[in-house]
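Notes follow the structure.
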Amino acid sequence: MPDSGQVAASETMRGEMATGEVPSRRMQRAEGTGRFSVKKTGSRSALEILHESGAAKLRFPRQVRGADTLEAIVINTAGGMTGGDRFNWEIAAGPGTDVSITTQANEKVYKASSGAADVSISLRLERDSRVAWLPQETILFQHAALTRKLDVEMAPGSELLLCEAIVFGRHGHGEKFTQGLLRDRWRVRAGDTLVHAEELYLEGDAGLALGRAAVAGGAGAVATLIAIGGKSLFKLEGAREIIASCKEVSGGVSVIRIGENPGIDDSGTGKLLARLVAKDGYLLRKALVPLIGLLNGEAGLPKSWSL
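Residue numbers (the working numbering): 8 to 314.
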């Protein structure tokens, strides 16, 4: 004999069938948090604390003998993102450590039926540490929706390298990103001082906005690189030469001195900012890969970028 719960469910289904209503169903969403901290062990940077949950995973390739840099790979086991998915990444670099973070592959953001995929990134750099945030390109499918926040806290003597590249549409399939949502917010603080802030917002007719000369000039892929530290002041000419040598890529690079900011130091710290646009992700990499190699010092290009 059916229990009262089964009877109630049966009555509900009959009511829906009679009225022609389709029962609402909550779609399954991917969520995850990846968090780790790094400490100095002898001359090497080593993993201290690791936390993973949901679809967020972290892997750490074996360090090359004599190398100080700890390389981390962030992984979304869901295989991509869509509306309603949420991911949170938190990295803390202890005093004197060197950390390079990348992704296993391109992050794909699929068409959203409702809501937006949400990504939050937090980087904390202690005194004299160095962090390179170098994910591979994010690909926005047609009608994708993505909101992303990147927050960085820098202590005196620390160095930072950030790179984010976005590809609009699957060019190999003839797809363009003409409709969708992208909200990308960056904040970098040295002590209590804001040293970099930017916000990119595209909604609705993204194709029209991307076609404007002041936005992307019709480009299908864009990238932003930021390097903050004492060595950034000396990388300007090399960065300009790389961009000038890539005829399929348009872009520019500039440096400003921020060393008078007591939140970092007084020894000539600079901020290098480079922006690139290209027809597609393949052409964008012709400038992006050598730029990362130049700005990332001895650590060079993350291994997963060349797989």
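Beta carbons: idealized from backbone N, C-alpha and C, even for Gly.
All of these numbers come straight from a predicted model, not from anything done at the bench.
- For residue 298, same chain residues with a beta-carbon under 7 Å away, outside a window of 5 residues either side, are 232, 246, 249, 281 in chain order.
- Uninterrupted beta strand (DSSP E) stretches at least 3 residues long and entirely within the stretch 33-97 occur at 38-48, 51-61, 63-66, 77-83, given in chain order.
- The count of Cβ pairs closer than 8 Å, one atom from the stretch 157-167 and one from the stretch 177-187, stays below three, leaving the stretches out of contact.
- A Cβ-Cβ separation of about 22 Å leaves residue 230 out of contact with residue 132 under the 8 Å criterion.
- Pairing residue 79 with residue 65 gives a Cβ-Cβ distance under 8 Å.
- In the displayed model, residue 252 falls within a helix according to three-state DSSP.
- Check the Cα spacing between residue 110 and each of 213, 212, 171, 194: the tightest is with 171.
- Each residue's CA atom was taken as its position, placing residue 104 and residue 139 some 11 Å apart.
- By the Cβ-count criterion, residue 35 is exposed, with fewer than 16 other Cβ atoms from all chains shown falling within 10 Å of its own Cβ.
- In the three-state DSSP reduction, residue 299 falls in the helix class (H, G or I).
- Assignment of residue 293 by DSSP, reduced to helix, strand and coil, places it in the helix class.
- DSSP places residue 187 in the uninterrupted beta strand (DSSP E) bounded by 186-197.
- Looking from the CA of residue 126, the closest CA among 63, 99, 100, 102 belongs to 63.
- DSSP places residue 150 outside both helix and strand once states are collapsed to three, so it counts as coil.
- Pairing residue 43 with residue 55, the inter-Cα distance amounts to about 7 Å.
- Measuring C-alpha to C-alpha distances from residue 96 to each of 301, 57, 314, 118 identifies 57 as the nearest.
- If you draw a 10 Å sphere on the C-beta of residue 124, you find 16 or more other C-beta atoms in it, and that means buried.
- Distance from residue 50 to residue 101 at the Cβ level is roughly 14 Å; contact not present, criterion being Cβ atoms closer than 8 Å.
- Per the DSSP secondary-structure output, residue 175 pairs in a beta bridge with 147.
- With a 10 Å radius around the Cβ and a threshold of 16 neighbouring Cβ atoms, residue 181 comes out exposed.
- Straight through space, the alpha carbons of residue 209 and residue 306 are spaced by roughly 34 Å.
- Closest option to residue 301, judged by alpha-carbon separation, among 175, 239, 256, 288: 239.
- Using a Cβ distance threshold of 8 Å, residue 76 and residue 107 count as a contacting pair.
- For the pair residue 227 and residue 178, the CB atoms are nearer than the 8 Å cut-off.
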